[in-house]
Structures are given as structure tokens and as C-alpha cells.
Amino acid sequence: MGTVAIYSLFIINKSGGLIYYKDYGSAGRMDTNDSLRLASLWHSMHAISQQLSPTTGCTGIDLLQAHNFDLHCFQSLTGTKFFVVCETGAQNMEILLKTIYELYTEFVLKNPFYEMEMPIRCELFDLNLAQVIQKDRVALLGR
Amino acid sequence: MIGVGKAKQYANVLDKPLGRGRQEVSLSAFAFLFSEVVQYNQTQVDNIAELERRLEDAGYAVGARVLELLCHREKGNRRETRLLGILSFIHSTVWKVLFGKVADSLEKGTEHEDEYMISEKELLVNRFISVPKDMGAFNCGAFVAGIVRGVLDNAGFPAVVTAHFVPIEGQQRPRTTILIKFAEEVIHREARLG
Numbered sequence: 021m022g023t024v025a026i027y028s029l030f031i032i033n034k035s036g037g038l039i040y041y042k043d044y045g046s047a048g049r050m051d052t053n054d055s056l057r058l059a060s061l062w063h064s065m066h067a068i069s070q071q072l073s074p075t076t077g078c079t080g081i082d083l084l085q086a087h088n089f090d091l092h093c094f095q096s097l098t099g100t101k102f103f104v105v106c107e108t109g110a111q112n113m114e115i116l117l118k119t120i121y122e123l124y125t126e127f128v129l130k131n132p133f134y135e136m137e138m139p140i141r142c143e144l145f146d147l148n149l150a151q152v153i154q155k156d157r158v159a160l161l162g163r
Numbered sequence: 005m006i007g008v009g010k011a012k013q014y015a016n017v018l019d020k021p022l023g024r025g026r027q028e029v030s031l032s033a034f035a036f037l038f039s040e041v042v043q044y045n046q047t048q049v050d051n052i053a054e055l056e057r058r059l060e061d062a063g064y065a066v067g068a069r070v071l072e073l074l075c076h077r078e079k080g081n082r083r084e085t086r087l088l089g090i091l092s093f094i095h096s097t098v099w100k101v102l103f104g105k106v107a108d109s110l111e112k113g114t115e116h117e118d119e120y121m122i123s124e125k126e127l128l129v130n131r132f133i134s135v136p137k138d139m140g141a142f143n144c145g146a147f148v149a150g151i152v153r154g155v156l157d158n159a160g161f162p163a164v165v166t167a168h169f170v171p172i173e174g175q176q177r178p179r180t181t182i183l184i185k186f187a188e189e190v191i192h193r194e195a196r197l198g
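Just so you know, the sequences run in chain order A and B.
The numbering of the first sequence is this note's numbering, which starts it at 21 and goes up by one.
The numbering of the second sequence is this note's numbering, which starts it at 5 and goes up by one.
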């Protein structure tokens, strides 16, 4: 198993604005503009997929599989989207996204200095996120 | 205590003994409420010092009430009259009721005779709070400092109480120290009592 399972993490607000982006060593580094563009593109694609769905009650794309990466997406009830870009076939990404969502509710939403829908700059969120990602990597290494 | 049919009927509500109350409340509920308190106060002030003062005042009212309640509940309507007594009352009894645990440490200041410090590795009110860099040394522990000042002041120990972040070696997060500086008269009285 490779050492790096997760390439990057994005959090986008309900109107498609990027509010958090973290790179964990993806091959082609993106600049700020690229990441913003990608985030709003994903937001639109997610919305279109709901409309295109042949069945009712579609909540949008959960997983996008490409030749050399997977993109796992989780949308909260309020429309905030969390997605990770990772290696193909990486396991337990749904659980990881839920854990990140939990950290978001704890250290971002309960922080009086955070303004809703704005970019996330919370030290405690960064610290705890780093720990979770680290743990995830350790778990993968141990297999 | 709340057994069905066992509850004694009291004609007057004042005769009813004070129950111990529910010992725990939801941490999330508290965190959201406290967050709102901070946000509301932020809209009412122009600078950080004023925000600190407002949070402290909010805590002061809690402290005054907590002292009254705990003297009745835990100490049989008596209160501490000596400096070390009241400090350990805050460090253990008050902390336990408010935060579910005894404070991490209570120390005497090394430089000044009239200074004492209560330190907490992770203060409950700061559990979910990240202070932005542009707010400098602001600490929401000002609320807790206010509680301590409220208890002390109403017990007859006027003091200036402030909350500070103190970095610990090898740790990413600083601890919070509540610094208590007693008024001159308190120190004189203590010296007289011997």
C-alpha cells in the first residue's frame, strides 16, 4: 500500500464557494484560482447530476472514479459539501468524510469567531484534522 | 429523592430543601450558547479590551450566584474567611460544580506576594474556540476570570482577575492561567490574622 492515500481535501459552502482546501501531496499542484474553480465546478456538476438522475430522490454524486484517482463526496443536510481526492480503491473514505464533518461541527461551527459560509481559519480544526488524516494514513500503512 | 409518592409535600416553597439539581448539562448546548454570548458581545464593542471586560462582567454575575448557592449546598451556610480557604474552595468545589473536575493546578505567584494562579490545560469554555491571530492575546477565559472575581469579591476578597494563554513546552496548545491579584487590604487582613 502506498504511503499517501489522500491527495487533497475540499470543503465548499452551500453556494459553491471554496471555504477550505488542503493539499496532501497531489502530483500537479494547483494554485488558489484552480482550486476555487474546481470547487465551484464540482458544485455545479453535483447539482446537475441530481437533475439528470433517472430516479427520484437523488442526492448527487457520492463517488467519482477516474483512471488514477477516486473522488469521494459527502453533502451535509445544510448543503455544505466535503470531498476528498484519493488513490483508486482507497477504503473507508465515507467514514473519514463523516469524521471530518464532525470536526467541522465541533471546531468551526462552535467557534464564535467563525463567520458562516466564509473561509475556515480555525487553529483547532487544523490541528484535529491533521491528527485524523495522520491516523488514517497509519491505519493504511498497517495493512 | 424523586421517588414517586415519596415526595414530601411542602406548604411553602421556601421550606423545600434545595435539591442538588441535575449535575450535567449538554456540552454542545453550552458551547453554542457561549459562542452566541461572545458573538453578541462582539457586536456591542469597538475594541478587544472592552470585549474582555464584558465577558468578565457576565462571569461576575455567575460567580456571585455560585458562591451563594455552594455555601448553602456544600458548606452548611458557612463561607471561607481565609485566603487559602477561599482559593481552594474555588479550585475544587466551584470548579467541580461548574466544569465537572477540579482545576489542574493552584499556585502562588513567584514574583509577587499577592498573586495566585489557577491553571487549566484545556479550559472548558475554550474547548472549541480558536482565537484568530489578529485578536492577539485575547482569551475567552475572561468569562471564567469573571466567575472567579465574582466569587472572591462577594466573599470579601476583592481582587483583579485576568485570563492568559501560557505556552507549554512540547505542546501545540497553550494552557490558560487565571491570574488573581488580591487587593492590598486583603493581604493586610491576612497578615493580621496570622
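For glycine and all other residues, C-beta sits at the position ideal for the given N, C-alpha and C.
{"Query": "Quick one: which residues of the stretch 137–158 of chain A get their C-beta closer than 9 angstroms to a C-beta of chain B? List them in chain order.", "Result": "ARG141, CYS142, GLU143, LEU144, PHE145, ASP146 and LEU147"}
{"Query": "Going along the stretch 115–138 of chain A in order, which residues come within less than 7 angstroms of chain B, judged by CB to CB distance?", "Result": "GLU126, PHE127, LYS130, ASN131, PRO132 and PHE133"}
{"Query": "Taking all protein chains shown into account, do 16 or more other C-beta atoms lie within 10 angstroms of the C-beta of CYS106 of chain A, making it buried, or fewer, making it exposed?", "Result": "buried"}
{"Query": "Applying a beta-carbon distance threshold of less than 9 angstroms, which residues of chain A neighbour ALA149 of chain B?", "Result": "Here the premise fails: no neighbours, minimum Cβ distance about 17 angstroms."}
{"Query": "Taking just the CA atoms, how far does MET113 of chain A sit from ILE26 of chain A?", "Result": "9 angstroms"}
{"Query": "So LEU83 of chain A is in the beta strand (DSSP E); what residue range does that whole segment cover?", "Result": "83–85"}
{"Query": "Compile a chain-ordered list of the residues in the stretch 112–136 of chain B whose CB is closer than 7 angstroms to at least one CB of chain A.", "Result": "PHE132, ILE133, SER134, VAL135 and PRO136"}
{"Query": "Answer yes or no: does any C-beta atom of chain A fall closer than 7 angstroms to that of SER39 of chain B?", "Result": "yes"}
{"Query": "Just curious, the alpha helix (DSSP H) that VAL1 of chain B is in, first and last residue?", "Result": "Past the edges of chain B, shown from 5 to 198, lies residue 1 of chain B, and the structure says nothing about it."}
{"Query": "Can you have a look at PRO74 of chain A and say buried or exposed, based on whether 16 or more other CB atoms are within 10 angstroms of its CB?", "Result": "exposed"}
{"Query": "Are the stretch 89–108 of chain A and the stretch 31–38 of chain A touching, with three or more C-beta to C-beta distances below 8 angstroms?", "Result": "yes"}
{"Query": "Starting from TYR121 of chain A, follow the alpha helix (DSSP H) in both directions and report where the run begins and ends.", "Result": "113–123"}
{"Query": "Exposed or buried, which one is GLU124 of chain B when buried takes at least 16 other CB atoms within 10 Å?", "Result": "buried"}
{"Query": "Among A:SER60, A:LEU38 and A:LEU29, whose alpha-carbon lies nearest the alpha-carbon of GLY45 of chain A?", "Result": "A:LEU29"}
{"Query": "Can you find a C-beta in chain A that's less than 7 angstroms from the C-beta of VAL29 of chain B?", "Result": "no"}
{"Query": "Mind checking ILE151 of chain B: buried by the 16 CB within 10 Å criterion, or exposed?", "Result": "buried"}
{"Query": "Would you say VAL42 of chain B faces chain A, with C-beta separation under 7 angstroms as the test?", "Result": "yes"}
{"Query": "Give a yes or no on whether the minimum CB-CB distance between ALA107 of chain B and chain A is below 7 angstroms.", "Result": "no"}
{"Query": "Alpha carbon to alpha carbon, how far is GLU111 of chain B from LYS100 of chain B?", "Result": "18 angstroms"}
{"Query": "Within the continuous alpha helix (DSSP H) that includes GLN70 of chain A, where are the two ends?", "Result": "52–72"}
{"Query": "Step through the CB atoms of chain A and report whether any lies within less than 7 angstroms of the CB of ALA146 of chain B.", "Result": "no"}
{"Query": "In chain order, what residues of the same chain have a beta carbon less than 6 angstroms from the beta carbon of PHE89 of chain A, not counting five sequence neighbours either side?", "Result": "VAL105"}
{"Query": "Tell me which same chain residues have a C-beta within less than 7 angstroms of the C-beta of LEU149 of chain A, skipping the five on either side of it?", "Result": "ILE120 and LEU123"}
{"Query": "Can you grab the Cα-Cα spacing for the pair GLY22 of chain A / LEU55 of chain B, in whole Å?", "Result": "Legend: pLDDT at GLY22 of chain A = 43, less than 50; position of this residue unreliable, no value from coordinates given."}
{"Query": "For GLY7 of chain B, does the three-state DSSP call read helix, strand or coil?", "Result": "Because the pLDDT at GLY7 of chain B is just 46, under 50, the model does not fix this residue reliably, and the point stays unresolved."}
{"Query": "Less than 7 angstroms between the C-beta atoms of PHE142 of chain B and GLY63 of chain B, yes or no?", "Result": "no"}
{"Query": "Could you compute how far the alpha carbon of GLU189 of chain B sits from the alpha carbon of ASN131 of chain A?", "Result": "40 angstroms"}
{"Query": "Starting from the C-beta of ALA167 of chain B, find all residues in its chain whose C-beta is less than 7 angstroms away, skip the five residues before and the five after it, and write them out in chain order.", "Result": "ASN143, GLY145, ALA146, VAL148, ALA149, THR180 and ILE182"}
{"Query": "Reducing DSSP to helix, strand and coil, say where GLU188 of chain B ends up.", "Result": "helix"}
{"Query": "Near VAL152 of chain A, what residues of its chain come up, given a Cβ to Cβ distance below 6 angstroms and the 5 sequence neighbours on each side ignored?", "Result": "THR119"}
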